[in-house]
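Working notes, beginning with the structure itself.
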Amino acid sequence: MKKLQKQSGFTLLEIMMSMTLTAMLLGMLSAGLYSVVNDWQNETSVLDETLDKSLVLLQVERALFAAFPHSYINQDRLARFVYFEGDENELRWVSTVSPQRRNGLTAWRLVSDIQDGVQLTLTPAYSDNPDNRFDELEPTTILENYTAEFSYLVQRNDDEKEWLDEWIGEEMQSLPIAVYIIFTPIDDSLDEEVLEVLASIRTWKHEDIQPSISPI
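The structure is reproduced here in structure tokens:
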């Protein structure tokens, strides 16, 4: 009698079932991978936005800490004045810090606009008044959905300090001790947080320039 040899292998039905299960598993993995990548992208965009805001605040704080008692001559009044001008919605000063890493001094101008947000203008600081060049330059929006409010700390006497809502360099002939900026979201529906900068000014006490007029 001939011995029947038993053949090993998969039937067509088993192969088709295996392919179907493999396709189902690949589909499930693809859907899960897409969900993970999508979540990662969403979290990364939030992280980038938060990081951008932190960098803006850090740059402003560093520029104020390194504020320089830049002076210029007013030809109409024939006197030398310190350049540091600010009110509740705008601040202009000269700093040794430049985001573009320029050599020399840089004049900064921060403006709060209810429509366009917080805007920044930069220009090199020469021996003149930088205001003449600020008006010729296009500002850059650094915080789109925010307004800014500025306050200035003054030393009244040895024991008394006071926060002011205005600083006029031509009258004060000095720099403030510190600047406090509060950035408030314009649109509350976007659920953005209030941001703050409290920057001390390193060179606020200097004796280079004597007052031309009595301080207020």
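Each step along the sequence shown adds one to the number in this note's numbering, with nothing skipped, and position 119 is 1161.
The beta-carbon is built from N, C-alpha and C at its ideal position, and this holds for glycine as well.
| Query | Result |
| --- | --- |
| Entirely enclosed beta strand (DSSP E) segments - the stretch 1106-1136, minimum 3 residues | 1113-1116, 1121-1124 and 1126-1128 |
| Segment limits, alpha helix (DSSP H) that includes Asp1173 | Asp1173 to Phe1176 |
| Through-space distance from Thr1226 to Tyr1188, alpha-carbon basis | 5 Å |
| As assigned by DSSP and simplified to three states, the class of Asn1084 | The predicted position of Asn1084 is uncertain, since its pLDDT is 47 and thus under 50; a value taken from the coordinates is nonetheless stated next. The answer is helix: DSSP assigns Asn1084 an H, G or I state. |
| Limits of the alpha helix (DSSP H) - the one that Gly1211 falls within | Gly1211 to Met1214 |
| One or two residues paired with Ile1224 in a DSSP bridge | Glu1191 and Glu1238 |
| Candidates Val1139, Val1196 and Glu1132, of which the one nearest Ala1105 by Cα | Val1139 |
| 9 Å Cβ cutoff met for Pro1243 and Ile1219 | For the record, residue 1243 in the displayed sequence is Ile; it is not Pro. Yes, these two residues count as a Cβ contact at 9 Å. |
| Buried versus exposed call for Met1214 [16 or more other C-beta atoms within 10 Å across all chains shown] | buried |
| Closer than 8 Å: Tyr1194 CB and nearest the ligand NAD heavy atom | This structure lacks the ligand NAD; in fact it carries no ligand of any kind. |
| Cβ contact check for the stretch 1113-1133 and the stretch 1169-1180: 3 or more pairs under 8 Å | yes |
| Contact belief for Phe1192 with Ile1223 at Cβ below 8 Å, rounded distance in angstroms | 6 Å |
| Beta strand (DSSP E) segment containing Lys1269, residue limits | Since the first residue shown for the chain is 1043 and the last is 1258, residue 1269 is missing from the structure and cannot be characterised. |
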